[in-house]
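Order-wise, the sequence lines are chains W and Y.
Plus 227 on top of the position in the first sequence (first one is 1) and you've got my numbering.
Plus 4 on top of the position in the second sequence (first one is 1) and you've got my numbering.
Working notes, beginning with the structure itself.
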Amino acid sequence: MRGKTSQVQVDTSRGQTDDCFALRIRGLHKAFGAVHAVHGIDLEVKPGECFGLLGPNGAGKTTTIEICEGLTTPDAGTVELLGRNWGENAAQLRQLIGIQLQETQFPEKLTVEELLRLFRSFYRRGITLDEAIGLAQLEEKRGARVGGLSGGQKQRLAMATALVGDPELLFLDEPTTGLDPQARRHLWDLVERLKQAGRTIILTTHYMDEAEQLCDRVAIMDHGQVIALGTPKELIATVGGADIVEFAVSRKANAGPSTRPVVPGLARDDESGYGHGGVDIEALKAIPGVQSHRMEEALHQLSVSELHTAVPRIFAELEEQGLHLSEFRTHSATLEDVFVRLTGRNLRDE
Amino acid sequence: MSKLALSSLYQLTVTRLKLTLREPEAIFWIFVFPILLAVGLGIAFRNRPADVLPVGATTPQLVQALAADKGLRATEMDEAAGTRALATGNILLLAIENSNGVVYRYDDTNPDARTARMIADRAIQVAAGRLDPVAAENQLVHETGSRYIDFVVPGLLGMNLMGSAMWGLGFAVVDARAKKLLKRMVASPMPRWQYLAAYLLSRLVMLAIEVVVLLGFAWVVFGVPFRGPLLELALICVLASLTFSALGLLVASRARTIEAVSGLMNVVMMPMWIMSGVFFSPSRFPAFLQPFVQALPLTAAINAMRGNMLQGAQLGQMMAPVAILLAWFVLPFAVSVRIFRWR
C-alpha cells in the first residue's frame, strides 16, 4: 500500500496549480427525461479527504458520482478532478482514479487472481497483484472463482479492482449496500486503512452510521440538491442538541383535572401546543435544554442539549399534564436526525 | 511478469478464452456437435456397394440365365407367387417364360426396376447366345469428392463457424452488459477497441481448434478431400470467422437482455441455415431469390470452402465470395463500434 511519502512525491511531480482540490464541481445539472436527477450542485473535496454523499435512494448521489467518474455527461456545469477535466484529459484521468460501481457482477468463472490481473493490465502504474489481494484480504480466496465468494468478499474484490492502479482519487458507490453487519464492518476497516494511507475517497451511502464513521465531511443530498454540508459533528450540531429524546404518551384513566383544557378537533401538528395527544408542547419546549420538538407518527421527538438535567424535568412536566408514558428512549443525535430535521422524512423510508 | 502478460489486449483475450472454455455447453456446441452431425450424416448418406437387385423367374432355365449376372439375385416362383412378391416389393421384376419367349413384369416408374429390366434382358439374351457387335469392357472408379459427405462437410464447417461466432460473441457481450460489467470496464483505463478486439482474437484461437477438429475428423474418418491450398482454406476460415464475429457484435451492440439478443440472432441466422447451402445446393432456390441467396455471408463462406476443398480452386478464382465476406466484415464492424451500448 502506498504511504504518505509517495503521495507527496506524486503531488510535487505534477506541480499543478489546482492541487488544493482533488475534486471541484460547479453548477451541476442532469435530467433524465422529466426527472431532474441532479439540480445544481457545487462541491469541493480536498486531497486526502474522505468525502461522503449521503441521502436516500433517488436523491441523485449515483448520478452525481457517475458524472464525476466521467461515465455520465452533465447537462450543465463543470467537473474538475485533480486539476483536469473529462473533456480534455479523459485518458489521463482514467489512469489516476479508481472506481467501484454499484452492483457490478464480475464474471463468475474467473478466479480472484485472474480478475485482478486483468484489471491490473489496464494501468500503466500501480500496485502488485499480491498487494491488491492483501489489501482486500482475499489471500485465502486467491484461486477461488468469483461465483463462490460471499457478498462481502465480492465487494472487497470490487474494491481491489478499483485499487490496482494505485489511484489518487477513489470513488465508492454504495460500498456496503446489501452486506450483513459483519461484512460491513470489515469493509469499513478497509476504507479506514485507505484513509490512513492518505488516499482521497469519495463515497455515496444511504447509511448515516457509515457516513458518520468513515467521512471527514458529508454532503446530505435530497431531490438532486445538497441540503447540508459539513463534518458529521457540525451537521449533528445543527440539530440543536446532542441527544434525541423520543416518547409516546397515553392519558391516565384516572386523570386528575388538567390545568389546561384539551380542545378536541384541533390539527395534530398545530403549533398552539394542543392537539398532540394532549401534550402541551410549549411547556415542554420551555424546559431548559430542550431545543425543538417534532412528531413522528405518534412519537414525540425532542432534541435535547443537557440530557441529564432535562430528562427529569420532562418526566415531571408530563406527570403534571396527567399523561402516562407508554414509550421513552434517548439516543445520541445522528446524521439521520439531521436529515429528518431538514426534510421531515426518514432516510430509510425512501 | 513478461511484457506480453502486462499487455491489456493479451489479458483481455486470455480472459475471454478462459471464460469460453469454462462453459461446458460451449464445448459441446463448438466441438462435439459438428462431429456428431458429421457422423450422423456420414452414416445416413454413406456410399453402399452397387446393389444386387432381387428378381423372380418362372423356370429354372431363366433363373440360371439371370443368376449368371452378379447384379441380380434370381428366385424361381410361379406367376401367382411372383405377382404377390412384386406387389410387396420383395422382387423388382418377374420374368415369365411363354411360347414366344419371355415377358418382363415390372414397374417402369421405379428406377431400380428399370435397371433390373435391362440387366435381366441382357443376361437372358447372352445366355441365349447373343454376341455383342462391339467389344466393351468396364473400368470402375470410386471417386472421393463426389459423395454427399464431401459436399456436406464444408457446409457444416461454415454453419459451425457462423453459430459459434455469433452465439459466443452475442451472448457474452449482452451478459456483460446486463451485469454492468461493460460499464465497469469502460470506467477503467482499458481502451474500448481492445475489449471488442479481444472477442475477435479469442474467436480466432477457438476457430483454429474448431476447424482442425472438424476437418481432421472428416479427413480421417470419411477421407474428405482437400484439393486446394490448405493455407488459403485457413485464410477463408479466418475471414469467415471475422465476418460472423462482426455480425454477432452488430446483433449484440444494443440488446440489453439475453432474450432480446437470442431473438435477433435467430432472425439473422435462420435465412442462412435454410438458404446458404449447408445441406443442399442453394441453386435449388428460384432465380428471383438467387441474388439474395448469393449475397448472404454464409453462402459466400460455404462456396469458397467448397471451391477450395472440392474443386481445388485458388483464392484468385473466388474473388466474388471473398469480396462478399469482406463487405460483411467491414460494414457490421464499423456500424457496431459506432452504435455499441457500453452501459
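The C-beta atom is built at its ideal place from N, Cα and C for all residues, glycine as well.
Not flagged as an interface residue toward chain W: SER168/Y, since no C-beta distance is shorter than 7 Å.
In this structure the segment 265-283 of chain Y touches the segment 291-307 of chain Y; the number of beta carbon pairs closer than 8 Å is three or more. Contact between GLY325/W and ALA389/W is confirmed by a C-beta separation of about 4 Å, below the 8 Å threshold. Distance from the CA of ARG345/Y to the CA of LEU253/Y, rounded to the nearest whole angstrom, comes to 11 Å. By alpha-carbon distance to VAL476/W, the top candidate from GLY287/W, MET522/W, GLN364/W is MET522/W. With a 10 Å radius around the Cβ and a threshold of 16 neighbouring Cβ atoms, GLY314/W comes out exposed. For the segment 344-361 of chain W, the beta-carbon criterion of a distance under 7 Å to any beta-carbon of chain Y is satisfied by ARG344, LEU345, PHE346, SER348, PHE349, TYR350. By the Cβ criterion, the segment 199-208 of chain Y is not in contact with the segment 328-335 of chain W, since fewer than three pairs of Cβ atoms, one from each stretch, lie closer than 8 Å. Contact between LYS257/W and ALA264/W holds: their C-beta atoms lie close to 5 Å from each other, under 8 Å. If you compare the alpha carbons of LYS184/Y, ARG258/Y, MET163/Y with that of VAL215/Y, the shortest gap goes to MET163/Y.
For THR24/Y, the nearest beta carbon of chain W is not closer than 7 Å to its own beta carbon.
Contact with chain W is found for PRO193/Y, since one of that chain's Cβ atoms lies less than 7 Å from the residue's Cβ. Counting C-beta atoms within 10 angstroms of its own C-beta, GLY516/W has 16 or more neighbours from the protein chains shown and is therefore classed as buried.
Beta-bridge partners of GLY60/Y (DSSP): THR79/Y, LEU98/Y. Per DSSP, reduced to three states, the secondary structure at GLY279/W is strand. Just so you know, the alpha carbons of LEU552/W and GLN518/W end up roughly 21 Å apart. Contact of ARG188/Y with chain W by beta-carbon distance below 7 Å involves LEU328, THR331. Contact annotation: the segment 392-406 of chain W touches the segment 421-436 of chain W, with at least three C-beta pairs closer than 8 Å.
Assigned with DSSP and collapsed to three states, SER11/Y falls in coil, not helix or strand. Residues of chain Y whose Cβ lies closer than 8 Å to the Cβ of GLN382/W do not exist; the shortest such Cβ separation is about 13 Å.
As the crow flies, the alpha-carbon of PHE259/W is around 42 Å from that of ALA244/Y.
The DSSP assignment places complete alpha helix (DSSP H) segments of no fewer than 4 residues inside the segment 254-301 of chain Y at 262-279, 294-299, in order along the chain.
For LEU406/W, the CB contacts under 8 Å within the same chain, skipping 5 residues up- and downstream, are GLY378, GLY379, GLN382, LEU414 in chain order. Using a 10 angstroms sphere on the CB of GLU563/W, the tally of other CB atoms reaches 16 or more, which defines it as buried. Within the model, the alpha-carbon separation for PRO64/Y versus ASN114/Y is close to 26 Å. For LEU314/Y, the CB contacts under 8 Å within the same chain, skipping 5 residues up- and downstream, are GLY149, ASP154, PHE155, PRO158, PRO229, ARG231 in chain order. The C-beta of LEU298/W comes closer than 7 Å to at least one C-beta of chain Y.
Rounded to the nearest angstrom, the Cβ distance from ARG109/Y to LEU97/Y is 7 Å, consistent with a contact under 8 Å. Closest by C-alpha distance to GLY467/W, out of LEU545/W, GLU546/W, VAL531/W, is VAL531/W. Annotation: ASP302/W is outside any beta strand (DSSP E) and is labelled neither H nor E by DSSP.
Taking ALA212/Y as reference, the option from ALA264/Y, LEU144/Y, LEU235/Y with the minimal CA-CA separation is LEU235/Y.
Closest in C-alpha terms to THR299/W, from the list LEU300/Y, LEU268/Y, LYS187/Y, comes LYS187/Y. For PRO394/W, not one C-beta of chain Y is nearer than 7 Å to its own C-beta.
The alpha-carbon separation between GLN440/W and PRO283/W amounts to approximately 18 Å.
For chain Y, the residues of the segment 309-322 of chain W that bring a beta carbon within less than 8 Å of one of its beta carbons are ALA318, ARG321, GLN322, in chain order.
Among the residues of chain W, none has a CB under 9 Å from the CB of THR119/Y; the nearest is roughly 59 Å distant.
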